[in-house]
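Residue numbers (UniProt numbering): 1 to 611.
Remarks on the structure that follows.
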């Protein structure tokens, strides 16, 4: 159980340490149950030859270390150039683990390989040791995908985990870096915990560190150190893939997938890891175990700058995959983001599966996945900006449906309460209750499972889906690194206009289309599990025909503000469901830009990315 479930006392510094234990003359080989399949080194534990000393370092607090929906994200230079910046935040994160529980606690650490990750891992090791954490489990060379970290936390019953990633943001010396804390459930820390971290960070006067302690991240096995005043401190370096692969074997029919990918009538796939963390997972699971040819997986070596590319799996940043798929040589294509929790799915000839449609199609074909045959379906959920495609499936199949704010932690709460089995976000995130994070490779294996059972193309499956359930035309416009003052002014002015009583019933026209406002609000969510209320989650204009315009300021950027505009419009006319979404939605986009005055307020003539 995670300590401090919202009610713990904030500590600015570590309390007085307990009396030192008797000096241990040898290393303990097994302090906690090792990870099954971790291929432990035959050399056993490595012991430091001398006592590791703890140093208390005086520092000054920073006021900008409030974790967002996915942790603390800043430019690499902020972490590097601001004195004690990373150390302060790591100390603040560890403060949420109760001192009495630390020596028995295990903490999982992994990252997406981006620049500064290995430096940050050494700091986490040094600060964790000095704060009395008994055991760290770290992926080999620091590499561990976000879904795998969640998997390992749950598997070994860790107190939590620290993930070093800025997800789909660029890397490299001039790119972004992030530190994210996950709780014992394996999911992102809820607001009660991130608020505690932030409160500590604002008053922190010192941190505790073992500056001489160094670990070898390349060597699988245990390294044990004698830390002054505390019991032995063990760092376990594990195979980054095996625990996650073992979990997937229990979810999918690997024999059927192997037949699909390497049997006599196999399909051809193209999987682009975009030089992020998923590369080793794709190679070991899809190529080596399931038999897909080695050249079906590309860009599989993690690089600290993602090969100079933006590791965001969308039509803009994964253009190489899109162009390759257009040749018709591959039946399914997929791209993954930096830390492996997002995915984009394409069919033959570059047929694009919108993420909102992807989760809906998986839901409609959920019995193709053995895991759900065993567990049943407890409920479905989507984030508020995600299209209503999943709602249509839930209604037709009489499944419980939830609409949550953006952020996977809201899904996690429902899963922990046994209310949710499958969920998704329009931002290329799909997942289920097998872990508490979205899971890119899981989503692709879910699609492959559907192909194996239905023996149809991706495009045919989606067209059949639209014929049966209707189609939600959907698009998202991202305006990245907008001046923060201008972005906030636009949102404030729009909200003021929306909340004028005369706005309801107002008609807007563009071309030959006309829409009447039925609902105008700032989305608020009351959690059905704990009753907590999350307000100001996005401005919604809902028209009488069900079409929606949504505006949000995103919390995942590291500079300026990102304005996201979402357009969603349902169509059930069989003659219209195959139209181009951008053509179908053009009138609503035009209305959205006019009513928001986005171009006039921000000076931006067009979006950075269109999905």
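Idealized CB from N, CA, C, for every residue including glycine.
Values in this document were obtained by computation on a predicted structure and should not be read as measured data.
When Cβ pairs closer than 8 Å are counted between the two stretches, the stretch 258 to 268 is seen not to touch the stretch 168 to 183, the count staying below three. In the three-state reduction of the DSSP assignment, residue 96 falls in the coil class. The DSSP assignment places complete alpha helix (DSSP H) segments of no fewer than 4 residues inside the stretch 386 to 410 at 389 to 397, in order along the chain. Per DSSP, reduced to three states, the secondary structure at residue 281 is helical. Per DSSP, the continuous beta strand (DSSP E) segment holding residue 550 begins and ends at 548 to 554.
Within the DSSP bridge table, the entry for residue 567 names 475 and 549 as partners. By the beta-carbon neighbour count (other beta carbons within 10 angstroms, threshold 16), residue 279 is buried. Residue 322 and residue 502 have their alpha carbons spaced roughly 45 Å apart.
Listed in chain order, the non-local C-beta contacts of residue 478 below 7 Å within the same chain comprise 562, 564, 607, 608 and 609, local neighbours out to five positions each way being set aside. Distance between residue 330 and residue 352, taken at the CA atoms: about 13 Å.
If you check the CB distance, residue 443 and residue 603 do not come in under 9 Å.
Within the model, the alpha-carbon separation for residue 251 versus residue 371 is close to 5 Å. Around the beta carbon of residue 317, a 10 Å sphere encloses 16 or more other beta carbons of the protein chains shown; the residue is thus reported as buried. For residue 357, the enclosing alpha helix (DSSP H) covers residues 355 to 364. Inter-residue distance for residue 518 and residue 509 is about 15 Å (C-alpha atoms, whole angstroms).
Cβ atoms of residue 197 and residue 96 come within 8 Å of each other, at about 6 Å. Assignment of residue 237 by DSSP, reduced to helix, strand and coil, places it in the strand class. For residue 52, DSSP records a beta bridge to 227. Taking the C-beta atoms as reference points, residue 61 is found no nearer than 9 Å to residue 194.
With at least 16 other beta carbons inside 10 angstroms of its own, residue 227 counts as buried. Per DSSP, the beta-bridge partners of residue 180 are 163. In this structure, the alpha-carbon of residue 101 lies about 35 Å from that of residue 379.
DSSP, read as helix, strand or coil, puts residue 316 in coil.
Annotation: the continuous alpha helix (DSSP H) that includes residue 124 extends over 117 to 130. With a 10 Å radius around the Cβ and a threshold of 16 neighbouring Cβ atoms, residue 473 comes out buried.
The beta carbons of residue 388 and residue 548 sit closer together than 9 Å. C-alpha of residue 373 to C-alpha of residue 524: approximately 34 Å in a straight line. Restricting attention to 405, 426, 413 and 432, the CA atom closest to the CA of residue 363 is found in 432. Take the alpha-carbon of residue 271 and the one of residue 298: they are about 6 Å apart. Where residue 255 is concerned, the enclosing alpha helix (DSSP H) starts and stops at 254 to 262. In the three-state DSSP reduction, residue 465 falls in the helix class (H, G or I).
C-alpha of residue 448 to C-alpha of residue 91: approximately 43 Å in a straight line. In terms of CA proximity to residue 500, 521 leads the group 65, 550, 521 and 416. Judged by DSSP secondary structure, residue 373 falls within the alpha helix (DSSP H) whose first and last residues are 370 to 375. The Cβ atoms of residue 142 and residue 187 lie no closer than 9 Å to each other. Contact between the stretch 235 to 248 and the stretch 281 to 289 is present: 3 or more CB-CB pairs across the two stretches fall below 8 Å.
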